[in-house]
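K.L.:
If you read the sequence shown in our numbering, its first letter stands for residue 29, the second for the next number, and so on.
Every residue gets a Cβ at the ideal spot worked out from N, C-alpha and C, and that includes glycine.
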Amino acid sequence: MKQDHLHALISQHITSVNYLETDTIEAVEGACTLWGYHDCTFIMEFAHADLNDDNIVPVLQKLSDKLTWLNQHRAEILDVAFAESEFSGCLKAERSQIEQEIYPLYCAFFIESEQEIFCDFALAAADGSMGDWFAELSLEEDNELIFNGMEQ
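(1) Classify K94 as buried or exposed, calling it buried when 16 or more other Cβ atoms lie within 10 Å of its own Cβ.
(2) Under the rule that 16 or more other beta-carbon atoms within 10 Å means buried, what is I42, buried or exposed?
(3) Could you give the residue range of the beta strand (DSSP E) that holds S113?
(4) Report buried or exposed for P86, applying the criterion of at least 16 other Cβ atoms within 10 angstroms of its Cβ.
(5) Below 8 Å on the Cβ atoms is my guess for G64 versus K120; work out the distance and round it to an integer in Å.
(6) Near I126, what residues of its chain come up, given a Cβ to Cβ distance below 6 Å and the 5 sequence neighbours on each side ignored?
(7) Cβ of L133 versus every heavy atom of the ligand ZN: is any distance shorter than 6 Å?
(8) Please list the terminal residues of the continuous beta strand (DSSP E) segment that includes A136.
(9) Assign S39 to one of three DSSP states: helix, strand, or coil.
(10) Taking the alpha-carbon positions, what's the L151 to A103 distance?
(11) Taking the alpha-carbon of L173 as reference, which of F149, D32, Y47, E114 has the nearest alpha-carbon?
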């Protein structure tokens with residue numbers, strides 16, 4: 029599949045993506061809008077490059093559904109993060125003071141197959157209230173949220 033065709037399909041099926049660049053057919057990087065933040069890094073990595081219209085469209089629809097879920101469940105995502113002492117321990121202010129400053133730093137999808145799509149994402153704070161740290165989380169197939177830890 030040619031890059032421009034893949035970009036067109038992504039733009040058609042994942043409307044929250046607002047910028048794309050591609051170095052290879054195995055990976056796509058760009059930006060998407062989540063929680064009103066227009067510069068969330070968007071990454072798609074394909075385990076196999078045997079993409080065609082028949083198998084990529086269902087994958088893109090699943091990715092769109094995952095992005096929609098993340099966008100609509102901000103409060104639940106923040107609850108999971110704030111419940112972790114590792115996250116709360118690196119904060120330089122109370123939850124009520126920084127909650128509105130937290131934004132999605134990146135959202136990465138690793139596509140093994142049409143059925144196996146893995147979603148990892150990170151949260152950071154705009155005002156520096158998390159220092160140089162960001163929280164890493166995963167969204168499982170059943171939309172279960174998993175806190176994976178803090179990174180610098």
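P.N.:
To lay it out plainly:
(1) The residue labelled residue 94 in the question sits at position 66 within the sequence shown. With 16 or more other Cβ atoms within 10 Å, it is buried.
(2) For this step, residue 42 is matched to residue 14 along the sequence shown. When all chains shown are included, I42 counts as buried.
(3) Here residue 113 corresponds to residue number 85 of the sequence shown, with the count starting at 1. Unbroken run through S113 is the alpha helix (DSSP H), 113-116; no beta strand (DSSP E).
(4) Your numbering for residue 86 matches position 58 in the sequence shown. Counting Cβ neighbours within 10 Å, P86 comes out exposed, since fewer than 16 surround it.
(5) Looking up residue 64 in the sequence shown gives position 36. Looking up residue 120 in the sequence shown gives position 92. Not really, about 23 Å apart at Cβ, beyond 8 Å.
(6) Residue mapping note: residue 126 aligns to position 98 of the sequence shown, counting from 1. The answer, listed in chain order, is A153, S157.
(7) This structure lacks the ligand ZN, and indeed carries no ligand of any kind.
(8) Taking the first residue of the sequence shown as 1, we reach residue 136 at position 108. Unbroken beta strand (DSSP E) run through A136: 130-139.
(9) Residue mapping note: residue 39 aligns to position 11 of the sequence shown, counting from 1. In this structure, DSSP gives S39 a helical state, which the three-state scheme calls helix.
(10) Walking along the sequence shown from the start, residue 151 turns up at place 123. Walking along the sequence shown from the start, residue 103 turns up at place 75. Rounded to the nearest angstrom, the two C-alpha atoms are 13 Å apart.
(11) Taking the first residue of the sequence shown as 1, we reach residue 173 at position 145. When only C-alpha atoms are compared, the closest one is F149.
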